[in-house]
Every structure is written in C-alpha cells, then in structure tokens.
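Residue numbers (this note's numbering): 96 to 459.
In structure tokens form, the structure reads like this:
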C-alpha cells in the first residue's frame, strides 16, 4: 500500500501559564509539527514531531528533517515500517524527534487500516487506565504549593517538582509542596541537569526527609560517573532523562548501572519501536522504567498511552496528561476524568484532528 501524501503542519500550542519554565528554558509555546501520512487507499495515520532544543532539536531542524524524510518515503510501501525506519536511520544520524513523528504516523496508519487499536501492534494492552504525574514549573515555594493544590483539586495525586540548582531554595520548594498536599501524595523532583554531583547528593538527601519517590536527571547528561555517584549515595530512586536520549545511551546507563530508573519518551528515542526496545533493555538489566513527560497535543499523549499500555514493567506514575495545560489543541479523543486517563478507543491511536483543524480539512 503505497504512500500517496505526507503533510507537515505546524502545531504550536500556547501554554495556559505563559511564565512556565524549567531549569533549561522558558517558552510560552510548546512547538512542534503534526505529520499525516496517507496511503493510496485513503487511510491516514498521524504523528507529532516535538521541538526539543535541550536535546538539540530546535523547531526548524525538526521541520528540515521531516522535509527530507518526506522525499525518501513518498511512493514507498507504508506497510514496510522496519525497512523504512532503517533507511531513515542510515540517512540521518540522530534527529530522533523527526523520526518519532514518522514512526508514529506509519504505525498509526497501519493500525487504522487493520481497524485495530495501535497497542495491538505491540502485543496488546496490559492496562487501560493511567495515573498521571503532573509537572510543577519553577516558581517560588509558595506558588508551587498553590499549583499543586490546584492540580490536586482536579484529581491528581502525583507531582513532579521542577528545581534549578539552588539547593536551599529547592529544598524549600519540596517542603512547601509536601506541606500543601499532605503525606499520601507522590512527589518527585526534576533538576534537568542543574546540580553538580555533590550538590545533588546534599539536596536529594535533604529532600528525602519529605518523602520524594524519585529524583530525575540531577546532573549533566554526559556525566555518567557523576550520575552513578549520586545514585549510589542517596536513599532515593535516581532516574535518567536527558542522559537517555538514544538506545545506545540507554544501554550504557543499564550496563554501568548509573541510575535506578530511566524515563522513556517516544520523542527522544525516535518512536514506538525504539521505546519498546529501550524498555526491553531496562528489563534485561534490572533497571526500572516509566513513560516520562510527553509535552504536546493529545495526539502525542495518545501514542504514549498506547505504548504505556503494552509495557507491564512500568513502575510509577507516567507523565501523559501535560496536554491539559496547552491551549488550542488541534486533536481530540482524550479527556481527563478526575485526574485519570483512559486508553483511547477506536482504530489506531484513537485520536483524530478536530473538524476545524487544517489537518482535518486536508484529509476531507
């Protein structure tokens, strides 16, 4: 079934909080590209190419690679997914965000043509409900506590506290949030590489008194020795994120036992196939894993949910509901119910363009 058309449309979503920031960046928009791949029988699959500058993927670079991939893929058999993705890997090193959009769109297309849920292509679902971990952006301790309360009132009970390397202030953030949400809420922190190893050890050890469940990427992504030192020195699960940007990096983290857990993201790993492979590497090496922050439209969340549905080894709440803080989403098919997400129903990922969106008009 040959590929007849590939469309690449901007998908820039305003954040409901224009001052939202984390340790590496602040941007009032979540930027990316919506990709649709249509076969000659008219079936269309969708994918999302996320702009992730802190992974070396600014929005312009993602678009340039998607344009190149379109030239490679036009007229090819859409069912030969492994062959097509292998060619893209040979064509370009890295650029996983663009590859993820193509990977997801091709799998979505195949599942829609077969009239089956996307997760069935990867062995079927082991769960269909998802507890979500919600992110608290960097603000004053009091403002972050208030943000946690607002999310708690919407039904959420797991929170990720963004920190930025000021040890005393970061500890105060954790203390304020814990006091606000009470003893039963799940708390994690994410430093986005902002600590030196010894600072990370001091901060996380102090934060452990407030019952945090994990500490994400405390030190620089390329400092494996420092990451391992932190992991071996603190009483909290240490998780890699930016350090796990490829299958090779995941394998190195597992081989060196540099962390206790790894945050898996379709966008940074290059798609669904590589995310499954990363999970299997973790399982073989006895390292925990979960689905990390998938920031973008409901389309991206749907793909991540179908992936999470097939992975029985997920050990902790995943970050699949960040679309809730983005405005003007061009896709529909997922809604939160008292802080809970349910696997989208229907063929493919279960999410479709809104009738008024550019992609829907083009498909029509």
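Here a beta-carbon is modelled for each residue, glycine too, at the ideal position from N, C-alpha and C.
Proximity of residue i and residue j at Cβ, strictly below 8 angstroms
{"i": "residue 192", "j": "residue 167", "result": "no"}
{"i": "residue 162", "j": "residue 437", "result": "no"}
{"i": "residue 316", "j": "residue 275", "result": "no"}
{"i": "residue 460", "j": "residue 268", "result": "Since the first and last residues shown for the chain are 96 and 459, residue 460 lies out of range."}
{"i": "residue 98", "j": "residue 134", "result": "yes"}
{"i": "residue 393", "j": "residue 337", "result": "no"}
{"i": "residue 53", "j": "residue 206", "result": "This structure cannot settle anything about residue 53, because the visible part of the chain is limited to 96 through 459."}
{"i": "residue 448", "j": "residue 425", "result": "yes"}
{"i": "residue 139", "j": "residue 228", "result": "no"}
{"i": "residue 301", "j": "residue 266", "result": "yes"}
{"i": "residue 43", "j": "residue 173", "result": "No answer is possible for residue 43: the residues shown for the chain start at 96 and end at 459."}
{"i": "residue 113", "j": "residue 128", "result": "no"}
{"i": "residue 179", "j": "residue 171", "result": "yes"}
{"i": "residue 307", "j": "residue 331", "result": "yes"}
{"i": "residue 397", "j": "residue 439", "result": "yes"}
{"i": "residue 165", "j": "residue 233", "result": "no"}
{"i": "residue 239", "j": "residue 271", "result": "yes"}
{"i": "residue 298", "j": "residue 262", "result": "yes"}
{"i": "residue 280", "j": "residue 253", "result": "yes"}
{"i": "residue 395", "j": "residue 401", "result": "no"}
Secondary structure of residue i, DSSP reduced to three states
{"i": "residue 408", "result": "coil"}
{"i": "residue 275", "result": "helix"}
{"i": "residue 371", "result": "helix"}
{"i": "residue 167", "result": "helix"}
{"i": "residue 251", "result": "coil"}
{"i": "residue 450", "result": "coil"}
{"i": "residue 157", "result": "helix"}
{"i": "residue 147", "result": "strand"}
{"i": "residue 396", "result": "helix"}
{"i": "residue 420", "result": "helix"}
{"i": "residue 244", "result": "helix"}
{"i": "residue 436", "result": "strand"}
{"i": "residue 124", "result": "strand"}
{"i": "residue 386", "result": "strand"}
{"i": "residue 183", "result": "helix"}
{"i": "residue 256", "result": "strand"}
{"i": "residue 100", "result": "strand"}
{"i": "residue 427", "result": "strand"}
{"i": "residue 265", "result": "helix"}
{"i": "residue 474", "result": "An answer regarding residue 474 cannot be provided, because it is not within the stretch 96 to 459 covered by the chain."}
{"i": "residue 162", "result": "helix"}
{"i": "residue 460", "result": "As displayed, the chain neither begins before 96 nor continues past 459, which places residue 460 out of reach and without an answer."}
{"i": "residue 380", "result": "helix"}
{"i": "residue 177", "result": "helix"}
{"i": "residue 118", "result": "coil"}
{"i": "residue 403", "result": "helix"}
{"i": "residue 270", "result": "helix"}
{"i": "residue 280", "result": "coil"}
{"i": "residue 113", "result": "coil"}
{"i": "residue 441", "result": "coil"}
{"i": "residue 139", "result": "strand"}
For residue j and residue i, believed in contact at Cβ under 8 angstroms, the rounded distance
{"i": "residue 125", "j": "residue 391", "result": "6 angstroms"}
{"i": "residue 142", "j": "residue 154", "result": "Rounded, the Cβ-Cβ distance is 16 angstroms, inconsistent with contact."}
{"i": "residue 249", "j": "residue 230", "result": "Residue 249 to residue 230, Cβ: 14 angstroms. No contact."}
{"i": "residue 111", "j": "residue 435", "result": "Not really, about 20 angstroms apart at Cβ, beyond 8 angstroms."}
{"i": "residue 294", "j": "residue 319", "result": "Not confirmed; about 17 angstroms, so no contact."}
{"i": "residue 345", "j": "residue 313", "result": "No, residue 345 and residue 313 are not in contact; Cβ-Cβ is about 18 angstroms, not under 8 angstroms."}
{"i": "residue 365", "j": "residue 158", "result": "Actually they are not in contact, since the Cβ atoms of residue 365 and residue 158 sit about 17 angstroms apart, beyond 8 angstroms."}
{"i": "residue 367", "j": "residue 385", "result": "Their Cβ separation, rounded to whole angstroms, is 16 angstroms, which puts residue 367 and residue 385 out of contact at 8 angstroms."}
{"i": "residue 322", "j": "residue 354", "result": "6 angstroms"}
{"i": "residue 292", "j": "residue 342", "result": "Contact flag wrong, Cβ pair sits at about 25 angstroms."}
{"i": "residue 136", "j": "residue 96", "result": "6 angstroms"}
{"i": "residue 370", "j": "residue 218", "result": "With a Cβ gap of about 13 angstroms, residue 370 and residue 218 do not count as contacting."}
{"i": "residue 152", "j": "residue 107", "result": "The pair is not a contact, with the Cβ atoms about 15 angstroms apart (cut-off 8 angstroms)."}
{"i": "residue 328", "j": "residue 357", "result": "Residue 328 to residue 357, Cβ: 19 angstroms. No contact."}
**Item:** Any alpha helix (DSSP H) of 4 or more consecutive residues that is wholly inside the segment 282-365
**Value:** Unbroken alpha helix (DSSP H) stretches of 4 residues or longer found wholly inside the segment 282-365: 292-302, 319-328, 342-351, 361-364, given in chain order.
**Prompt:** Can we say the segment 110-125 touches the segment 287-295, given the rule of at least three CB pairs closer than 8 angstroms?
**Reply:** In short, these stretches touch, since the Cβ pair count reaches three.
**At least three beta-carbon pairs within less than 8 angstroms, the segment 413-433 to the segment 361-380** = Between the segment 413-433 and the segment 361-380 there are fewer than three inter-stretch CB-CB distances shorter than 8 angstroms, so the stretches are not counted as touching.
**Request:** Would you check if there are 3 or more beta carbon pairs closer than 8 angstroms linking the segment 193-202 to the segment 420-437?
**Result:** Short answer: they don't touch.
**Request:** Go through the segment 190-240 residue by residue and report every complete run of the beta strand (DSSP E) that reaches 3 residues or more, in order.
**Result:** Runs of the beta strand (DSSP E) lying entirely within the segment 190-240 and spanning at least 3 residues, in chain order: 224-226, 228-231.
**Request:** Would you be able to state if there are at least three C-beta pairs under 8 angstroms between the segment 145-154 and the segment 201-218?
**Result:** Taking a contact to require three or more Cβ pairs closer than 8 angstroms, the segment 201-218 and the segment 145-154 do not qualify as touching.
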